Every structure is written in structure tokens, then in C-alpha cells.
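Each number in my numbering comes from the position in the sequence shown (counting from 1) with 186 added on.
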Amino acid sequence: MVTDGSPWLSWWACLCVAFLSSFASILVTSDASCSSSVSGQPGYEYDVFLSFRGEDTRKGFTDGLYTALEGAGIRVFRDNERLGIGKEIGPELLQGIKRSSISIPIFSENYASSKWCLKEFAFMMECREAREQIVLPIFYDVTLNVVQHQTGSYARAFRQHAKKQDPETIQRWRRALTGVGSLKGWELKNEANGHQGKLIKMIVTKVFRELKKAHLCVNNNLVGIDNHMKAVIRMLSVDAPDVRFIGIWGMGGIGKTTLAKVVYHQILDDFDSCSFLQDVRETSGRSHNGLRQLQSQLVADLLKCDRLEFASIDEGISVLKRRFREMKVLILLDDVDSVDQLKALAAELDWFGQGSRIIITTRNKGALEVPQEHRVYEVKEMEKEQALQLFCKHALRTDAPTVRLRSLSEEIVKRTGGLPLALEVIGSFLHGKSEDTWKATYQKLKIVPNKEVEHKLRISYDALEHEQQQMFLDIACLFIWEDKKTVALMWEDQYKFSLEADIEVLQLLSLIKIGGDNTLWMHDQLRDLGRGIVRQENPKEPGKRNRLWGDEAVDVLLNNRGSKNIEAIRLEYQIGLQCCCFMPSQFRKLSKLRFLQLDCANLAGDFENLLPTLRWLRWKIPSLNCTTTNLNVKDQLILDLSNSKVTNNWNAWNSIQVSANTLNSPIDNVVYGKFSNTYQLFCR
Numbered sequence: 187m188v189t190d191g192s193p194w195l196s197w198w199a200c201l202c203v204a205f206l207s208s209f210a211s212i213l214v215t216s217d218a219s220c221s222s223s224v225s226g227q228p229g230y231e232y233d234v235f236l237s238f239r240g241e242d243t244r245k246g247f248t249d250g251l252y253t254a255l256e257g258a259g260i261r262v263f264r265d266n267e268r269l270g271i272g273k274e275i276g277p278e279l280l281q282g283i284k285r286s287s288i289s290i291p292i293f294s295e296n297y298a299s300s301k302w303c304l305k306e307f308a309f310m311m312e313c314r315e316a317r318e319q320i321v322l323p324i325f326y327d328v329t330l331n332v333v334q335h336q337t338g339s340y341a342r343a344f345r346q347h348a349k350k351q352d353p354e355t356i357q358r359w360r361r362a363l364t365g366v367g368s369l370k371g372w373e374l375k376n377e378a379n380g381h382q383g384k385l386i387k388m389i390v391t392k393v394f395r396e397l398k399k400a401h402l403c404v405n406n407n408l409v410g411i412d413n414h415m416k417a418v419i420r421m422l423s424v425d426a427p428d429v430r431f432i433g434i435w436g437m438g439g440i441g442k443t444t445l446a447k448v449v450y451h452q453i454l455d456d457f458d459s460c461s462f463l464q465d466v467r468e469t470s471g472r473s474h475n476g477l478r479q480l481q482s483q484l485v486a487d488l489l490k491c492d493r494l495e496f497a498s499i500d501e502g503i504s505v506l507k508r509r510f511r512e513m514k515v516l517i518l519l520d521d522v523d524s525v526d527q528l529k530a531l532a533a534e535l536d537w538f539g540q541g542s543r544i545i546i547t548t549r550n551k552g553a554l555e556v557p558q559e560h561r562v563y564e565v566k567e568m569e570k571e572q573a574l575q576l577f578c579k580h581a582l583r584t585d586a587p588t589v590r591l592r593s594l595s596e597e598i599v600k601r602t603g604g605l606p607l608a609l610e611v612i613g614s615f616l617h618g619k620s621e622d623t624w625k626a627t628y629q630k631l632k633i634v635p636n637k638e639v640e641h642k643l644r645i646s647y648d649a650l651e652h653e654q655q656q657m658f659l660d661i662a663c664l665f666i667w668e669d670k671k672t673v674a675l676m677w678e679d680q681y682k683f684s685l686e687a688d689i690e691v692l693q694l695l696s697l698i699k700i701g702g703d704n705t706l707w708m709h710d711q712l713r714d715l716g717r718g719i720v721r722q723e724n725p726k727e728p729g730k731r732n733r734l735w736g737d738e739a740v741d742v743l744l745n746n747r748g749s750k751n752i753e754a755i756r757l758e759y760q761i762g763l764q765c766c767c768f769m770p771s772q773f774r775k776l777s778k779l780r781f782l783q784l785d786c787a788n789l790a791g792d793f794e795n796l797l798p799t800l801r802w803l804r805w806k807i808p809s810l811n812c813t814t815t816n817l818n819v820k821d822q823l824i825l826d827l828s829n830s831k832v833t834n835n836w837n838a839w840n841s842i843q844v845s846a847n848t849l850n851s852p853i854d855n856v857v858y859g860k861f862s863n864t865y866q867l868f869c870r
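This is the structure we're talking about:
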């Protein structure tokens with residue numbers, strides 16, 4: 187438990203799990219003032235693992251780097267922060283490496299004299315090989331040549347190790363160090379003229395960019411994109427000193443976002459700072475605060491800092507106009523659909539420093555009127571042969587159809603209108619299916635107008651089994667960018683069997699993607715398809731649908747319009763949103779609720795015997811003055827209090843029936859305790 191007088195729990199503080207009798211429960215606690223400059227990757231507990239020889243660098247360079255990384259919102263594992271004194275450090279440190287997205291070994295004069303440092307680095311290289319984790323070496327007061335070839339102090343260290351370690355271990359360590367030559371890193375004396383502060387800034391920028399790249403989910407089966415990419419990069423002319431706005435325009439499903447991501451990924455290293463704002467249309471339309479949220483995210487990304495909350499759109503514009511005139515920035519604004527969105531985010535060339543590039547994807551060419559200096563690249567339907575190749579990659583896992591299926595394949599491709607998304611989804615649906623199914627699918631496509639993409643996508647949805655359809659709708663309405671394992675935990679409890687195969691079906695049908703960080707994602711048109719299906723359950727009375735999100739969720743709760751149909755509510759945080767307080771009466775009808783997200787909301791009153799089916803509560807508690815009583819979470823799978831103002835003195839710990847007891851924890855800001863049923867709550 188947090189000791190008295192400790193600060194708010196830091197947002198990366200802990201992921202705690204309580205094993206209940208037949209399933210796990212997750213408790214997440216953290217700081218209300220979290221940095222949003224880098225959203226942590228759910229597939230990893232930490233963003234960076236620092237490996238260093240304490241006597242060489244701990245109180246100088248390493249401390250400076252650690253502070254700078256965490257100051258940028260990057261979660262860092264280092265041994266003196268995460269491990270208690272006197273513990274056997276080996277196994278826990280190796281797990282720290284495995285649970286980190288990036289490893290940074292700081293090679294110093296005495297690094298090789300430590301068997302633990304060598305063991306860590308060898309394991310880093312194994313994770314790089316097996317899991318494609320990133321290793322970024324720093325050569326502090328030794329050269330790459332000394333480390334790679336084990337000369338000088340490293341040769342002396344290995345002579346000592348050879349007296350105590352077996353030959354196989356020695357060879358493993360040498361092999362790892364020899365492999366350092368294939369890595370891109372930094373030599374202090376050759377970088378930034380040996381200036382440690384400048385080098386630290388360079389490292390933070392590189393880490394920040396690598397973490398950003400991990401969130402760019404790009405299809406591996408790209409066809410015909412090279413010419414588009416080269417054309418856009420020519421228009422961008424990154425070396426030119428002027429500021430340029432490039433609009434990528436085309437209909438939905440044509441591949442605009444994929445093209446923009448590939449280009450962004452290719453050129454981002456040429457800029458001081460970068461920001462990728464996805465789903466501008468969706469975010470800005472979610473509430474009246476949507477544009478302010480986007481402004482806040484843009485500023486946080488470019489400055490690598492905590493989010494600022496703007497009182498108005500005009501205030502956000504003022505900051506954007508003033509703050510980035512001397513910075514060379516790269517900005518990708520995805521799915522812009524109105525001039526007002528551009529006016530709020532990137533209205534004029536002189537907002538940004540020389541060499542800056544702003545890329546905008548849009549279905550609405552009229553949205554590119556501001557500024558007038560836009561260059562526009564139109565993405566058109568795929569050429570016939572390219573479209574056929576893309577379809578075959580998904581339907582047949584080859585680049586061309588068989589003689590038997592060629593004519594039918596060409597007809598199906600023709601009916602998709604050359605849209606990559608439709609080709610991918612329909613092709614994936616037909617993979618492994620009989621020729622009769624191919625013919626039936628073609629007949630369905632014939633009655634759908636060429637431009638109605640969603641109707642074509644619906645063919646794949648309708649073919650799913652019931653549980654698979656419900657999982658698809660859950661992701662579309664609630665769980666985009668959520669960790670797959672966490673969501674699967676709730677599904678498995680709901681359906682009483684493992685759904686790994688069903689998740690794989692959704693992925694094989696190209697209805698969802700699994701990011702490199704194990705997060706769930708889907709194309710915006712598939713998201714809109716899923717949300718449209720849910721809205722059609724009851725177009726006029728949202729409270730009678732089974733899933734709610736956004737403003738409709740607020741309205742239904744505040745006005746007590748809920749029903750027993752509701753299974754999930756997602757009330758997301760919005761900048762400027764007035765904190766709501768919900769009473770037991772507003773949940774009394776929600777007898778089937780399994781997922782509840784309440785951002786910036788308090789619960790007040792006696793919740794005894796309410797929410798019996800709730801399995802996942804995500805509650806961003808805005809105040810310590812919580813008057814909730816009898817909120818029973820003993821049957822919960824997941825209790826997420828991240829970004830909440832919670833300390834050990836929070837008066838609702840007892841009211842939510844968490845019997846927390848202080849354990850001898852080496853981590854001051856981790857909450858330990860027991861739920862009321864049996865069970866050990868520990869930090870993972």
C-alpha cells in the first residue's frame with residue numbers, strides 16, 4: 187500500500203492481478219496527471235529497459251537519461267527502481283527485459299566485469315531475435331570496437347569470467363557482444379561533441395519515435411503502393427526548406443491511411459518532432475470537446491510533454507501558432523472531413539518552422555481549402571491487375587488465380603470497384619471456401635451498388651458465428667486499441683470457453699488487426715459498420731441497445747433511460763467535460779452490464795446488490811471525496827483505476843470491498859492487498 191504522504195500513484199505504476207477461484211482479476215492504479223505524449227504499449231509493461239554498470243554511470247549519465255525518459259512519459263525499468271535490496275536480481279531483471287519494448291544497454295569501462303550485465307545483454311539479443319524487440323546501445327566511455335571485439339577492459343573481464351563460468355556461457359556472452367556491430371547506437375565521444383545533455387535529448391527523441399512507430403498498424407500484403415508512395419514523397423520534397431501541406435484524397439476504403447502511414451514511417455527521422463492524429467473525424471465528432479482534445483494531443487506529441495487542457499479552441503490555436511514556428515515538424519492528420527478541423531489544428535504555413543510537412547488524409551476535397559497552398563494527391567481505384575493480385579493474396583495466398591477460378595476472381599474484383607479494403611475483406615472471407623461459396627458471394631456483390639462499401643463488408647460479418655459477431659461489435663464500439671489478452675479475459679468468462687480461435691477467425695477475415703503491441707484495431711469503415719449495426723438495434727432509444735459510448739452514454743445515464751439490454755457502457759474522458767456524479771438509481775435497470783468505463787465521474791450512494799454481472803470496471807476517479815458504499819468487485823475480472831486521484835487514504839477502498847493490507851514491497855507506489863474472496867494481489 188502507498189505509504190502516508192506519498193504522491194499520487196504514477197500512471198505507469200503497476201498492473202496488479204488478483205487470482206480469484208477460477209480466473210484472474212486485474213487492478214491498475216496510477217496518477218491523474220499522466221503524460222499522454224507516448225501512450226504505453228499494452229503488450230509490454232515498460233517502454234524501456236536500462237542496463238548499466240552502476241559504479242560507472244548510475245549517478246550521472248544514467249540518472250539523467252532515466253529522468254528525461256520518464257519526463258517524456260516513457261515507462262522505464264531500471265534495477266534500483268523496480269527491485270528490492272538483497273533480492274536475487276537475475277530472474278526478475280530478465281523478466282523486466284522481456285516485458286520492455288526497447289532495451290538500452292549503456293556500455294561502460296566496467297560493464298563486462300559484471301556477469302549480470304553480460305547476462306542481461308545476451309538476453310536482450312535473444313529477445314531481439316525471437317520477439318523483434320529493439321536494442322539501442324550507448325557506448326559511454328568505450329568504443330564500439332572494444333565491445334564488439336572484446337578488447338581492452340572487456341578482454342580483461344572475460345579472462346576473469348573464464349575462471350568461474352563454463353565455456354558455453356562465455357561463448358554465449360561473446361556472441362551477443364559481437365552482434366552489437368549490427369545495431370544502430372551512439373558513441374558519446376562522437377555524438378553531440380561529447381555533450382551528455384545533447385546525447386540524452388537525441389536518445390529520448392529516438393525512443394519516442396520508435397514507440398510511435400509501433401502504433402502504426404500497416405498491412406503486410408501491400409500491392410501497388412510503391413508508385414503512390416514515391417509520388418507523395420516527391421510532392422513532400424523533404425529537403426526543401428519551405429513548409430508544405432499535402433492532402434491525400436480519395437473515397438473511403440481506397441487506401442489513403444495506409445499510404446499516409448507508409449510515407450510517414452519513411453520520413454519521420456528527418457524531423458525534430460512528429461505527431462500522428464488518427465481518426466480526426468471520429469474524435470472531433472465525439473463531443474463538443476473533440477477538437478480541443480486533438481489540439482491537446484498534437485501539442486503533447488510535438489513537445490513530448492504532458493497534455494495541456496485548453497479552455498477553448500481559440501486558446502489551442504494560439505498555442506499552436508506561437509509554439510512551433512521554430513520547429514521542423516511532421517504531422518499526419520488522418521481522416522479530416524471539414525475545414526473547421528484544419529483551422530483548429532494546422533491552418534497556416536507560418537504556424538510551423540522551415541521544412542515542416544503536414545499530411546492530411548480526407549474523403550472530402552473541400553476540407554483542403556485551408557490553407558490554399560495545399561498540394562493534393564488523389565488516390566484512385568486500383569488498376570485491374572493490381573486489384574486481382576491483392577484479392578488473390580488474401581483469397582488464395584498467391585499472386586494470381588488458378589485457371590479454374592480466374593474468370594470468377596476477375597468478376598468478383600470488378601464488383602468491388604477496385605477498393606483495397608473490400609478486396610482484402612472479401613478475399614479473406616473466401617479463403618479456403620468452396621467454389622459454390624465463391625459463386626454465391628459474387629451473386630450478393632452483384633446486387634450491391636459499386637460505391638456502397640459497407641454493404642460489401644457486411645457480407646463477411648453476416649457469415650460469422652454469433653459469438654464472433656458479438657466480439658466484432660465489442661471491438662468496434664468499445665475496444666479499439668485495447669490489449670487483446672485483457673479483452674479476451676472478459677470474453678472467455680462470458681462465453682465459458684477459450685475464444686483464441688474466434689479471434690483468429692476475425693483476424694484471418696481481415697475484420698480486425700492485431701498490432702505489434704498486441705492491441706486490437708480495425709479500419710474506420712469496419713468500425714462504422716459495427717457501430718451502425720448496434721445503432722440499428724433501436725435507432726430512436728439508445729438506452730435499449732446493448733452497447734453505449736460517447737454522448738449517448740452520458741445522456742442515457744444522466745436521464746435514467748437505461749434498460750436491461752445494456753451490456754457495456756464506455757464514457758470516455760473529454761477535455762472540458764464536467765465531472766458527472768452517478769447514483770445507484772441510474773444503474774438499477776442495468777442487470778446485464780459487464781463492462782463499464784467512467785472517466786471523470788464519481789459514484790455516490792449505496793451500490794449493494796447492483797451490477798451483479800460486471801466483470802470490467804475502468805474508473806478514472808476525479809476526486810478523493812467519493813461517497814460510494816458497497817460497490818462489490820469480488821467477482822470482477824478487471825478493476826482499472828489508472829489515471830485516478832487515489833492514495834492509500836482514499837476513503838472508498840473499504841467501500842469497494844478491497845481489503846488492502848500493507849506488504850513489504852520494494853516499490854513504494856504499488857498497491858498490494860487481497861480481494862474479499864481469496865486472493866493474492868500482486869504486481870506483475
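We put the CB at the ideal spot given by N, CA and C, even for glycine.
A quick note: this is a predicted structure, and the numbers were derived from the prediction, not measured.
Do Trp667 and Thr705 have their C-beta atoms within less than 8 Å of each other?
In the sequence shown, counting from the first residue as 1, residue 667 sits at position 481. In the sequence shown, counting from the first residue as 1, residue 705 sits at position 519. Yes; because the gap between Cβ atoms is below 8 Å, this pair is in contact.
Is the number of C-beta pairs between the segment 562-572 and the segment 456-469 that are closer than 8 Å three or more?
Touching, no, given that fewer than three Cβ pairs across the two stretches are closer than 8 Å.
Using DSSP with H/G/I as helix, E/B as strand and the rest coil, what is Asn903?
Beyond the ends of the chain as shown, which are 187 and 870, falls residue 903; an answer cannot be given.
Using DSSP bridges, identify the partner residues of Thr885.
As displayed, the chain neither begins before 187 nor continues past 870, which places residue 885 out of reach and without an answer.
Kindly give me the distance between the Cβ atoms of Arg774 and Thr799, rounded to whole angstroms, as I take these residues to be in contact under 8 Å.
Taking the sequence shown and counting its residues from 1, the one referred to as residue 774 is at position 588. Taking the sequence shown and counting its residues from 1, the one referred to as residue 799 is at position 613. About 14 Å separates the two Cβ atoms, so there is no contact after all.
Can you tell me whether Asn413 is buried or exposed, with buried defined as 16 or more other CB within 10 angstroms of its CB?
In the sequence shown, counting from the first residue as 1, residue 413 sits at position 227. Exposed, because fewer than 16 other Cβ atoms sit within 10 Å of the Cβ of Asn413.
So, helix, strand or coil for Trp359, using DSSP?
Sequence index remark: in the sequence shown, residue 359 carries index 173 (1-based). Note: Trp359 maps to helix in three-state DSSP.
In three-state terms, what does DSSP make of Pro291?
Numbered from 1 along the sequence shown, position 105 holds the residue referred to as residue 291. Of the three classes helix, strand and coil, the one that applies to Pro291 here is strand, per DSSP.
Taking 7 Å as the limit between beta carbons, can you name the residues of its chain near Lys442, skipping five residues before and five after?
Counting from 1 along the sequence shown, the entry for residue 442 is found at position 256. Excluding sequence neighbours, Lys442 sits near Ile434, Gly436, Thr547 and Val565.
According to DSSP, is Val214 helix, strand or coil?
Position 28 of the sequence shown, counted from the first residue, corresponds to residue 214. Caution applies to Val214, whose pLDDT of 42 falls short of 50 and renders its modelled position unreliable; the value that the coordinates give is listed next. Strand, per DSSP.
Please work out which residues of its chain come closer than 7 Å, Cβ to Cβ, to Met769, disregarding the five sequence neighbours upstream and downstream, and give them in chain order.
Counting from one through the sequence shown, the residue named residue 769 turns up at place 583. The residues are Ala790 and Gly791.
Go ahead and label Gln346 buried or exposed: buried means 16 or more other beta carbons lie within 10 angstroms of its beta carbon, across all protein chains shown.
Residue mapping note: residue 346 aligns to position 160 of the sequence shown, counting from 1. The residue is exposed, with fewer than 16 neighbouring Cβ atoms inside 10 Å.
Use the C-beta contact count for His709: other C-beta atoms within 10 angstroms, 16 or more gives buried, fewer gives exposed.
Within the sequence shown, residue 709 is the residue found at index 523, counting from 1. So His709 ends up on the buried side.
Between the Cα of Ser286 and the Cα atoms of Glu396, Glu621 and Lys619, which residue gives the shortest distance?
Taking the sequence shown and counting its residues from 1, the one referred to as residue 286 is at position 100. With distances taken between Cα atoms, Ser286 lies closest to Glu396.
Taking the continuous beta strand (DSSP E) assigned at Arg756, which residues delimit it?
In the sequence shown, residue 756 corresponds to position 570, counting from 1. Run containing Arg756: Ala754 to Leu757, per the beta strand (DSSP E) assignment.
Check this for me: beta carbons of Leu369 and Val321, under 8 Å apart or not?
One-based indexing of the sequence shown puts residue 369 at position 183. One-based indexing of the sequence shown puts residue 321 at position 135. The answer is yes: Cβ separation under 8 Å.
Out of Lys514, Val611 and Glu501, which one is the CA nearest neighbour of Lys529?
Translated into positions along the sequence shown, residue 529 becomes position 343. Answer by Cα proximity: Glu501.
Report back the beta-carbon spacing between Ile544 and Ile503 to the nearest angstrom; my notes put them in contact at under 8 Å.
Here the question's residue 544 lines up with position 358 in the sequence shown. Here the question's residue 503 lines up with position 317 in the sequence shown. With 8 Å as the limit, Ile544 and Ile503 do not qualify as a contact, their Cβ atoms being about 15 Å apart.
Between the beta-carbon of Val333 and the beta-carbon of Phe293, is there less than 8 Å?
Here residue 333 corresponds to residue number 147 of the sequence shown, with the count starting at 1. Here residue 293 corresponds to residue number 107 of the sequence shown, with the count starting at 1. Yes, these two residues count as a Cβ contact at 8 Å.
What span of residues does the alpha helix (DSSP H) with Leu715 cover, start to end?
For the purposes of this step, residue 715 is identified with residue 529 of the sequence shown, where counting begins at 1. Start and end: Asp710 to Arg721.
Where does Leu591 fall in DSSP's three states?
For the purposes of this step, residue 591 is taken as residue 405 along the sequence shown, with counting starting at 1. Reduced to three states, the DSSP call for Leu591 is helix.
Give me, in chain order, the residues of the same chain whose beta-carbon lies closer than 7 Å to that of Asp688; leave out the 5 immediate sequence neighbours on both sides.
Position 502 of the sequence shown, counting from 1, holds the residue named residue 688. Excluding positions up to five away in sequence, the list reads Glu653, Gln654 and Met657.
Between which residues of its own chain and Ser777 is the CB-CB distance below 8 Å, once the five residues before and five after are set aside?
Within the sequence shown, residue 777 is the residue found at index 591, counting from 1. The answer, listed in chain order, is Lys750, Pro798 and Thr799.
Which term fits Asn888, buried or exposed, when burial requires 16 or more other beta carbons within 10 angstroms of its beta carbon?
This structure cannot speak to residue 888, because the chain is shown only from 187 to 870.
Who does Gln572 pair with in a DSSP beta bridge?
On the sequence shown, residue 572 is found 386 positions in, with the first residue counted as 1. None; Gln572 has no bridge partner.
Considering Cα atoms alone, identify which of Ser620, Arg561, Lys375 and Leu650 is closest to Leu422.
The sequence position of residue 422 within the sequence shown is 236, counting from 1. Checked all of Ser620, Arg561, Lys375 and Leu650; the closest Cα to Leu422 is Arg561.
Can you list, in chain order, the residues of its chain whose CB lies under 6 Å from that of Phe538, leaving out five sequence neighbours each side?
Here residue 538 corresponds to residue number 352 of the sequence shown, with the count starting at 1. Counting only Cβ-Cβ distances below 6 Å, and skipping sequence neighbours, we find Val429, Phe510 and Val515.
Can you give me the Cβ contacts of Asp523 inside the same chain, cut-off strictly under 8 Å, excluding the 5 residues immediately before and after it?
Numbered from its first residue, the sequence shown carries residue 523 at position 337. Cβ within range, chain order: Val466, Arg467, Thr548, Arg549, Asn550 and Ala553.
For Ala341, tell me which candidate among Asp585, Glu295 and Ser459 has the shortest Cα-Cα distance.
Position 155 of the sequence shown, counted from the start, is the residue given in the question as residue 341. Residue Glu295 is the option with its Cα nearest to Ala341.
Applying the 10 Å Cβ sphere with the 16-neighbour rule, what's the burial state of Cys460?
On the sequence shown, residue 460 is found 274 positions in, with the first residue counted as 1. Buried, by the Cβ-count rule.
Name the two residues that bound the continuous beta strand (DSSP E) containing Glu459.
As a first step, residue 459 is located in the sequence shown; it is residue number 273 there, counting from the start. Inspection of the sequence shows that residue 459 is occupied by Ser rather than by Glu. Where Ser459 is concerned, the enclosing beta strand (DSSP E) stretches over Ser459 to Leu463.
Can you list, in chain order, the residues of its chain with a C-beta nearer than 7 Å to that of Leu385? Leave out the 5 residues immediately preceding and following it.
On the sequence shown, position 199 is the one that residue 385 refers to. If we look at Leu385 and ignore the five residues flanking it on each side, its Cβ neighbours are Trp372, Leu374, Glu377 and Ala378.
Within 10 angstroms of the Cβ of His580, are there 16 or more other Cβ atoms? Answer buried if so, exposed if not.
Taking the sequence shown and counting its residues from 1, one reaches residue 580 at position 394. So His580 ends up on the buried side.
Kindly indicate which three-state DSSP category Trp707 falls into: helix, strand or coil?
Counting from 1 along the sequence shown, the entry for residue 707 is found at position 521. Strand, per DSSP.
Helix, strand or coil: which one does DSSP assign to Arg583?
Start at 1 with the first residue of the sequence shown, and residue 583 comes out as number 397. Looking at Arg583 - three-state DSSP - the assignment turns out to be coil, as it is neither helix nor strand.
Where does the unbroken alpha helix (DSSP H) through Ser504 begin, and where does it stop?
Here residue 504 refers to the residue found at position 318 when the sequence shown is read from its first residue. Its alpha helix (DSSP H) spans residues Ile499 to Arg509.
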